[in-house]
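Per the working numbering, residue 40 is the first one in the sequence shown, and the count goes up by one each step.
Even for Gly, the Cβ is constructed at its ideal location relative to N, Cα and C.
Predicted model only: the values in this text are computed from it and were never measured.
This report refers to the structure that appears directly beneath it.
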Amino acid sequence: MKPKFTIAPCCIAPTTLFQKILTVLGLVLFSALGSVQAQTIAFFADAACVQMSADCGSEGYTLQQDLLACGYTVNTFTGTDAGSWSAALAGADALVIPETPECVSTIVLGAGVRAVIESFVNGGGELLHVIGGAEDEAANFLNLTFGFALSGEGGDFTANITGAAAGTPFAGGPASLPPMNDGDAVSNLPPGALSIYSGGGYSQVALIPYGTGHVVTLGWDWYQCDDPASEQDAWRDVLCRSGAVANICVV
40 MKPKFTIAPC
50 CIAPTTLFQK
60 ILTVLGLVLF
70 SALGSVQAQT
80 IAFFADAACV
90 QMSADCGSEG
100 YTLQQDLLAC
110 GYTVNTFTGT
120 DAGSWSAALA
130 GADALVIPET
140 PECVSTIVLG
150 AGVRAVIESF
160 VNGGGELLHV
170 IGGAEDEAAN
180 FLNLTFGFAL
190 SGEGGDFTAN
200 ITGAAAGTPF
210 AGGPASLPPM
220 NDGDAVSNLP
230 PGALSIYSGG
240 GYSQVALIPY
250 GTGHVVTLGW
260 DWYQCDDPAS
270 EQDAWRDVLC
280 RSGAVANICV
290 V
């Protein structure tokens, strides 16, 4: 069954007439603005895993810069222990995990860290996880964290927007996403998940409800030295929309 998404300032069910009026006003405001952005993003930037030098080939750095250009507040953090992650997520709307080419995330980010992430998303947070460049590792990390059974796939294909985007912040996004350097995808999405951009049966952008939060997977690693700017812009559009997922509720 396809989950029903509600765009609202919070995920508290309105119980009084006044609360219902506020909810309607929030929906009107969302329509007027076109999007609602997560105020604060916790961005994993530990050099033990993520490339953060200021150049086009450092995927963590380029992803961070594009998120800032979207208008988000991006707080980078380091540490591979549960305490560091708990502190970073305090007050955050969303967590971003870039590509982790410098480490094996399933080993370095152990059970304690994964438990912190699971609790954050289950309680209403958003996880935005880049899968480009290391699709199997990223899929395995998500499987270990949330109990999914995702499979990583190569993503050298054009991915088209699907009808599943309706009613989500991705509605009205680019009609298609071009194949990119180190583009990847996932398959075998869990029940209730939405394949937002897909091709050949594989999802390059997926929205997966979990608890009262969401997981979003993006199938480009953000390596910006090779692909034309026009093609990168389509992915940047989707990235900006991805952050707004932190403001949608599953009902």
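Item, Value
"Where residue 242 falls, given that 16 or more other Cβ within 10 Å makes a residue buried", "buried"
"Coarse secondary structure for residue 282, derived from DSSP in three states", "helix"
"Spatially closest choice to residue 144 from 86, 130, 199, by CA coordinates", "86"
"Validate contact between the segment 236-254 and the segment 221-228 using beta carbons, cut 8 Å, 3 pairs", "yes"
"7 Å Cβ shell around residue 89 - same chain, five flanking residues per side excluded", "83, 99, 137, 139, 141"
"Own chain partners of residue 155 with C-beta closer than 8 Å, once the 5 adjacent residues on each side are dropped", "121, 124, 125, 128"
"For residue 83, the three-state DSSP class (helix, strand or coil)", "strand"
"Element boundaries [beta strand (DSSP E), containing residue 100]", "From DSSP, residue 100 is part of no beta strand (DSSP E) but of the alpha helix (DSSP H) over 98-109."
"Same chain, Cβ closer than 8 Å to residue 257, neighbours up to 5 away in sequence not counted", "167, 168, 169, 170, 171, 243, 244, 274, 277, 278, 281"
"Within 8 Å, strictly: CB atoms of residue 133 and residue 163", "no"
"Beta-ladder partner(s) of residue 240, from DSSP", "Partner(s): none; residue 240 has no beta bridge."
"Residue 181 and residue 189 closer than 8 Å at C-beta", "yes"
"CA-to-CA distance, residue 207 to residue 287, given in whole angstroms", "8 Å"
"Segment limits, beta strand (DSSP E) that includes residue 257", "252-257"
"From 196, 146, 91, residue whose alpha carbon lies closest to that of residue 259", "196"
"Minimum C-alpha distance to residue 149 - residue among 175, 118, 130", "118"
"Distance between residue 198 and residue 216 (C-alpha atoms, nearest Å)", "5 Å"
"Straight-line Cα distance separating residue 113 from residue 106", "7 Å"
"Per-residue DSSP class, three states only, for residue 220", "coil"
"Local Cβ density within 10 Å of residue 264, reported as buried at 16 or more and exposed below that", "exposed"
"Backbone CA spacing between residue 152 and residue 101 [nearest angstrom]", "24 Å"
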